[in-house]
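Going letter by letter, the sequence shown gives residues 1 to 268 in full-length UniProt numbering. Every residue gets a Cβ at the ideal spot worked out from N, C-alpha and C, and that includes glycine. Below is one structure, written out as structure tokens; the observations come after it.
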Amino acid sequence: MNRRPTLGFAINAAAGALQNHLLLQQMKLAQQQNAGSGPVHPNTGLLDEEHYDGIVFSGNPHETVPRGLLLDDRLSPLERNAWQVFRLLINGDGVTAFPSYEKLRPYLGSSPGKSASKETVAKALTVLRLTRWLSLGQRVRDSVSGRVQGNVYILHDEPVGCAEAMEIDHNYMQLVGQALGHANKAVRAVAELAFKEFAADPHHLSGARPSRLEVIEDRWRQQGWHDAPQTVEHSQDRAEFGFRTKGSGESDLLSSESELSKKAPERI
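Written out as structure tokens, the structure is:
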């Protein structure tokens, strides 16, 4: 029996892609240094001291902005813009190098022509993780030293549930706990909301992920369909589907004699 690939398998594949990227960069730098055709790395001459992150998109490829992103009142324009920047920078193959803080600063500035501070970039990443629009899927470590070489982030087209976030990001609750004491007031407020959502989530105790039908039902509830007034029951005498239905007093069986005795009107 064929088994569907697990989420961990997909994250491991993304981590492997990031490791291959690091290996290619190391080989390229080593060739440049051996040939004397390139500058030596300013710190060590090797790429071992560099830190690389990767990001993958878990949703369907599209160039539109999720409606839920714009309506999520836990987010500020900063986080909404950061999500769109991440989505824009993701390559067609679904995996791309995670942009550094320096690359993100020009995109997240609040004033034209001015770059955002590193603290602002860090705030956007923290809030996106707290609200589960962004997940830290895995840390890529060196096979020899065990040192962290990078991270694999997962960008979602809608916030994942608390149980799903804990399965993807094993340090999610640790992040929430740390954010409760964050120096930024807005981050603390979002962390409090995240903790309340975790406490109210019926799936976190059992560890079970919500089914697809539950996800659809939750979407409809957010759109207001769940609380919509119920349709009024139609009486049997009311026409349905564009034609009149028979009343309960009418006979279902027609007399064969009356139908056969009537001649169709002659056409002139």
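Pairwise C-alpha distance: residue j and residue i
| i | j | result |
| --- | --- | --- |
| N12 | G137 | 9 angstroms |
| D201 | N34 | 57 angstroms |
| L46 | H21 | Because L46 carries a pLDDT of 49, less than 50, the predicted location of this residue cannot be relied on, and the following value inherits that uncertainty. So the two alpha carbons sit approximately 15 angstroms from each other. |
| A199 | A163 | 11 angstroms |
| D169 | Q178 | 15 angstroms |
| A30 | D73 | 49 angstroms |
| N184 | Q32 | 44 angstroms |
| D218 | A186 | 26 angstroms |
| L180 | R188 | 5 angstroms |
| G113 | V121 | 16 angstroms |
| L69 | K28 | 40 angstroms |
| N171 | S111 | 34 angstroms |
| F9 | A116 | 36 angstroms |
Best match in the options for proximity to residue i [C-alpha to C-alpha]
| i | options | result |
| --- | --- | --- |
| A82 | T64, Y107, L175, K28 | Y107 |
| G59 | A116, R87, D218, Q33 | R87 |
| K118 | E102, D72, Q25 | E102 |
| D53 | Q25, L18, R188 | L18 |
| R67 | N171, E197, D157, L180 | D157 |
| H203 | A124, Q174, M166 | M166 |
| L175 | Q25, Q26, K123, E214 | K123 |
Check whether residue i and residue j have beta carbons under 8 angstroms apart
| i | j | result |
| --- | --- | --- |
| L128 | E79 | yes |
| L134 | L104 | no |
| residue 278 | A191 | The chain is shown from 1 up to 268; residue 278 falls before or after that span and cannot be answered. |
| Q84 | V65 | yes |
Cβ separation of residue i and residue j, assumed to be a contact under 8 angstroms, to the nearest whole Å
| i | j | result |
| --- | --- | --- |
| T131 | L75 | 6 angstroms |
| A15 | V152 | 5 angstroms |
| L89 | P99 | 6 angstroms |
Residue i CB to nearest heavy atom of the ligand SAM below 7 angstroms
| i | result |
| --- | --- |
| V65 | Looking at this structure, you won't find the ligand SAM or any other ligand, since it has none at all. |
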